[in-house]
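In the working numbering, the protein residues as written are 101 to 166.
Encoded structure:
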């Protein structure tokens with residue numbers, strides 16, 4: 101699907117939206133706690149972590165379907 105075609109971009113979008121709409125959640129991620137909301141979208145570490153989260157979620161959903 102479209103998410104699997106670009107985990108990095110979609111992962112960044114998911115985490116950026118999470119941290120922007122629910123600011124307290126950003127504090128739970130020490131590596132991201134000091135990043136201003138305006139800088140989240142361009143942050144490579146946020147993109148990489150978001151990609152990892154989406155890949156693992158996809159793996160879980162695929163395994164659940166078996």
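Don't be surprised by glycine CBs; every beta carbon is placed ideally from N, CA and C.
Just so we're clear, the structure is a prediction, and the values are computed from it rather than from any experiment.
Pairwise C-alpha distance: residue j and residue i
i: residue 114; j: residue 155; result: 13 Å
i: residue 147; j: residue 132; result: 11 Å
i: residue 128; j: residue 135; result: 13 Å
i: residue 125; j: residue 143; result: 17 Å
i: residue 157; j: residue 106; result: 14 Å
i: residue 123; j: residue 149; result: 17 Å
Sub-8 Å separation of residue i and residue j beta-carbons
i: residue 151; j: residue 111; result: yes
Inter-residue CB distance, residue i and residue j (contact presumed, cutoff 8 Å)
i: residue 141; j: residue 116; result: 5 Å
Subject >> Complete runs of the alpha helix (DSSP H) confined to the region 128–153 [at least 4 residues] >> reply: 137–140
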